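Before any comments, here is the structure.
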Amino acid sequence: MRGFAMLTMTAAALLITACNTVSGAGKDVSSAGNAVSKAADKSK
Numbered sequence: 001m002r003g004f005a006m007l008t009m010t011a012a013a014l015l016i017t018a019c020n021t022v023s024g025a026g027k028d029v030s031s032a033g034n035a036v037s038k039a040a041d042k043s044k
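See the structure below:
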């Protein structure tokens, strides 16, 4: 569980530093959410 938390925090830090603006961060989060939604729809 601790390893998963560290991995999640590291991934979040990389995603945040990859965004140049707050708007860019919002687009990245939206894109990730859409990908998760599509994957969930496919597994139904």
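With full-length UniProt numbering applied, the sequence shown covers 1 to 44.
Even glycine gets a Cβ: it sits at the ideal position worked out from N, Cα and C.
Predicted model, so just to flag it, every value in this text is computed and none were measured.
| Query | Result |
| --- | --- |
| Any idea what DSSP makes of K38, helix, strand or coil? | helix |
| Determine whether the beta carbon atoms of A14 and D28 lie at a separation below 7 Å. | Checking the sequence shown, residue 14 turns out to be Leu, not Ala. No, the Cβ-Cβ distance between L14 and D28 is not below 7 Å. |
| Would you kindly work out how many angstroms separate the C-alpha atoms of A12 and K42, rounded to a whole number? | 25 Å |
| If you draw a straight line from the C-alpha of V36 to the C-alpha of R2, how long is it? | 23 Å |
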